[in-house]
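Under this note's numbering, the first residue of the sequence shown carries the number 9, and numbering increases by one thereafter.
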Amino acid sequence: MTNIIYFNYFTDGSVNIADHDLSIFFDPPHLLKGLRNNFLNKDIIWEEKTASWKDIEFIFDLDSKLGHTRALPKLTAHHVDRQKIKKMKVSVAAQVFSARTAAMLKYTNALNYFHTANSDATMATTAEVVEFFDTLFDSVNGYPGGVQRGKLRRAVKQNSQHHTFWIEAINKIKKMVFVDTSSKHATKAGKPRLVRVPSQQGWITTLESFIRVSKLLFEQYNVEYYYPRNINQDPLENFFGRIRAINYRNVNPDANTFIYAFKSLMLSNMLSPHSKFSNCEEDNGETLLNVSLLFKNLHNNKENDSENTVSISRDLPSSSQASSREKLLVNDVVMEKIKVHCSAYTAGYICRKITRAIRCKDCIKTYISSTETNIHSYIKFREYKLLKNNNLAYPNEKFLILYRDGTHFIHNYLNYSCIGSNIKSNLKRKILSTLSFSCLGCDKHALIVKNFFTNILIRLHGHNWCNINNKILKGDIDEKYVSKMGEPQKLALKKYKSLRLRKKCLSK
Ligand SMILES: [Zn+2]
């Protein structure tokens with residue numbers, strides 16, 4: 009890209025090479041990483057307010073304390089911790105800048121506001137910035153199969169929302185400023201410097217090119233739609249990879265050998281669309297939420313709120329009480345509340361599965377709440393903007409308790425009897441004989457619903473249990489969280505530590 013200076017550079021940002029008008033695209037995944045890397049050690053001034061990476065660290069820590077039912081299960085220390093972050097992987101940056109993260113930031117801020125009556129200085133702004141980066145990346149990352157309703161990750165059409173978003177986004181990026189406190193210049197001057205980072209110009213150039221190319225495709229070539237992900241570096245990287253591979257030693261071809269290599273590639277029809285999305289995002293983050301919705305709800309329900317929380321948090325395990333001895337940044341009541349809210353979201357998911365499988369109105373009444381209560385405030389954050397028929401279910405209190413008891417039972421059982429045969433059928437028998445299912449299902453379907461529910465729960469949390477252990481084995485869960493878990497998890501951490509030590513010794 010440094011070479012563009014030698015070509016005809018037009019004021020609209022396009023270039024002319026050998027009579028061809030060309031638009032410049034920087035690779036969006038790299039641009040996203042650029043923003044993330046700067047955000048790690050610089051606050052962002054966003055519409056005259058400050059956003060900070062510390063808020064993301066805060067909610068990550070909060071979420072990690074939730075135990076097995078987390079709101080941000082995809083995030084690990086490799087996403088958030090400045091020291092441990094995997095700087096090269098695109099998916100890591102994309103998963104942090106997700107609708108889920110923004111939802112958790114807004115939710116936490118709203119909860120904080122409700123309990124302390126003052127809003128955190130930066131958290132709401134951080135949520136806005138995360139949401140913007142998520143939409144920004146989505147808008148240039150649509151691909152067939154990756155389309156999600158209510159999001160910009162979709163094909164660009166003449167009348168799609170991409171065009172207005174891109175114009176707005178260019179303005180926002182132009183106004184965005186980073187606060188540099190740690191560079192040489194800043195420490196020398198003894199005060200923070202307001203800076204713009206190269207990724208910002210990269211985004212502006214790229215979005216302007218998208219606008220220009222879209223216009224050309226729709227107006228001049230009557231294209232109906234295109235997927236913007238096709239304009240990133242992957243096809244180019246694949247192409248060069250093939251050029252290099254064509255001749256064993258063809259690692260540094262000159263113009264001539266390159267042309268021959270290209271021709272022979274075409275002839276041998278090797279230029280098949282090979283996609284390697286290994287370095288691209290896999291995030292399924294949901295669409296976002298308006299914070300005012302929750303504020304309203306929280307205030308309306310202020311009186312019966314404590315009642316709701318207490319009646320359910322009675323059943324919380326002792327592990328959550330252990331955390332009270334720690335110096336928590338949020339108080340325990342809030343922590344308990346978040347646990348209940350987040351498990352209500354997963355419980356709601358199971359409710360929808362049951363409804364779809366059984367399709368009985370009398371059964372639904374036994375597990376779905378007829379009124380919305382404060383327990384559902386996190387669910388509401390996740391569902392806002394989603395389309396009507398996509399609505400999440402609001403489980404009732406009895407179902408939530410059953411869900412909570414069931415999940416604890418499974419995690420405890422697996423912690424003590426994860427070695428052996430017929431684990432699943434033994435576990436199922438135990439659950440059915442221990443927990444009370446009397447509230448679940450109508451007279452006609454009680455047995456079916458009970459079986460169905462238990463099966464899903466075991467599958468979901470059996471998988472969850474393995475997942476947690478695997479994460480610990482990879483070093484993805486910090487010791488301070490593992491120390492509050494069961495024996496197998498502690499064992500996994502020990503294993504991880506000894507392996508890491510051995511690796512270190514070997515590499516020395
Ligand atoms: Zn029924």
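Even glycine gets a Cβ: it sits at the ideal position worked out from N, Cα and C.
Exercise. Please list, in chain order, all residues of the same chain as residue 86 whose beta carbon is under 7 angstroms from its beta carbon, the five residues on each side excluded.
Key: Counting only Cβ-Cβ distances below 7 angstroms, and skipping sequence neighbours, we find 92, 93, 94, 100, 484.
Exercise. State the start and end residues of the unbroken alpha helix (DSSP H) segment that holds residue 160.
Key: It is not in any alpha helix (DSSP H) - residue 160 carries neither H nor E in the DSSP assignment.
Practice problem: Check whether the Cβ of residue 452 lies closer than 7 angstroms to any heavy atom of ligand 1, and answer yes or no. | Solution: Yes; taking the cut-off as 7 angstroms, the Cβ of residue 452 has a heavy atom of ligand 1 nearer than that.
Exercise. At 4 residues or longer, and completely inside the region 181-239: list those alpha helix (DSSP H) runs for me, N to C.
Key: DSSP runs (the alpha helix (DSSP H)) wholly in the region 181-239: 192-197, 206-223.
Exercise. Could you tell me whether any non-hydrogen atom of ligand 1 is closer than 7 angstroms to the CB of residue 146?
Key: For ligand 1, not one heavy atom lies less than 7 angstroms from the Cβ of residue 146.
Quiz item: Can residue 366 be considered in contact with ligand 1, in the sense that its beta carbon sits closer than 7 angstroms to one or more heavy atoms?
Solution: True, at least one ligand heavy atom lies under 7 angstroms from that Cβ.
Exercise. Go through its chain and collect everything with a Cβ distance to residue 426's Cβ below 7 angstroms, but skip five positions before and after it.
Key: Excluding the 5 residues flanking it on each side, residue 426 has same chain C-beta neighbours closer than 7 angstroms at 496, in chain order.
Quiz item: Does the region 216-234 come close enough to the region 36-45 to have 3 or more Cβ pairs within less than 8 angstroms?
Solution: With a cut-off of 8 angstroms on Cβ pairs, the region 216-234 is not in contact with the region 36-45, counting fewer than three such pairs.
Quiz item: Apart from the five residues just before and just after residue 109, which ones in its own chain have a Cβ nearer than 6 angstroms to its Cβ?
Solution: Cβ neighbours of residue 109 beyond the five flanking positions: 138.
Quiz item: Among the residues of its own chain, which have a CB less than 7 angstroms from the CB of residue 436, if the five just before and after it don't count?
Solution: Around residue 436: 462, 466.
Quiz item: From what residue to what residue does the alpha helix (DSSP H) around residue 134 run?
Solution: 131-147 is the span of the alpha helix (DSSP H), which, as asked, contains residue 134.
Practice problem: Might you give, ordered along the chain, the residues of its own chain that have their beta carbon closer than 7 angstroms to the beta carbon of residue 480, omitting 5 neighbours on each side? | Solution: Here the set comprises 490, 497, 500, 501, 504.
Quiz item: Hey, residue 119 and residue 143: beta-carbon distance below 8 angstroms or not?
Solution: Taking 8 angstroms as the Cβ cut-off, residue 119 and residue 143 do not qualify as a contacting pair.
Quiz item: Relative to ligand 1, is the shortest distance from any of its heavy atoms to the C-beta of residue 414 smaller than 7 angstroms?
Solution: Checking every heavy atom of ligand 1 against the Cβ of residue 414, none is found closer than 7 angstroms.
Exercise. With DSSP as the reference, label residue 51 as helix, strand or coil.
Key: Strand.
Quiz prompt | CA-to-CA distance, residue 58 to residue 129, given in whole angstroms | solution = Those two C-alpha atoms are separated by around 8 angstroms.
Quiz item: Can you tell me the Cα-Cα spacing of residue 443 and residue 107, whole angstroms?
Solution: Roughly 36 angstroms separates the two Cα atoms.
Exercise. Might you give, ordered along the chain, the residues of its own chain that have their beta carbon closer than 6 angstroms to the beta carbon of residue 82, omitting 5 neighbours on each side?
Key: Here the set comprises 103.
Quiz item: At what residues does the beta strand (DSSP E) containing residue 24 begin and finish?
Solution: Per DSSP, residue 24 belongs to the beta strand (DSSP E) from 23-25.
Exercise. Could you tell me whether the Cβ of residue 495 comes closer than 8 angstroms to any Cβ of chain B?
Key: No chain B is present in this structure, which holds just one protein chain.
Quiz prompt | Distance between residue 402 and residue 77 (C-alpha atoms, nearest Å) | solution = When rounded, the distance between both Cα atoms is 17 angstroms.
Quiz item: For residue 470, which of 452, 54, 433 has the nearest alpha-carbon?
Solution: Of all alpha-carbon atoms in 452, 54, 433, the one lying nearest the alpha-carbon of residue 470 is that of 433.
Quiz item: What's the gap between the Cα of residue 348 and the Cα of residue 167?
Solution: If I take the Cα positions, the gap works out to 42 angstroms.
Quiz item: Any idea if residue 305 is buried or exposed, counting beta-carbon neighbours within 10 angstroms, 16 or more meaning buried?
Solution: For residue 305, the predicted model reports a pLDDT of 36, less than 50, meaning its position is unreliable; a value from the coordinates is still stated below. The residue in question, residue 305, is buried, as its Cβ has 16 or more Cβ neighbours within 10 Å.
Quiz item: The alpha helix (DSSP H) with residue 79 in it runs from where to where?
Solution: No alpha helix (DSSP H) holds residue 79; DSSP gives it neither H nor E.
Quiz item: Any chance the CB of residue 359 is under 7 angstroms from a heavy atom of ligand 1?
Solution: Shortest gap from the CB of residue 359 to any heavy atom of ligand 1: 7 angstroms or more.
Quiz item: Relative to ligand 1, is the shortest distance from any of its heavy atoms to the C-beta of residue 447 smaller than 7 angstroms?
Solution: Not one heavy atom of ligand 1 sits closer than 7 angstroms to the Cβ of residue 447.
Quiz item: Can we count residue 370 as close to ligand 1, meaning its CB is less than 7 angstroms from some heavy atom?
Solution: For residue 370, the distance from the CB to the nearest heavy atom of ligand 1 is below 7 angstroms.
Practice problem: Measure the Cβ-Cβ separation of residue 45 and residue 190 and say whether it is below 8 angstroms. | Solution: No, these two residues do not count as a Cβ contact at 8 angstroms.
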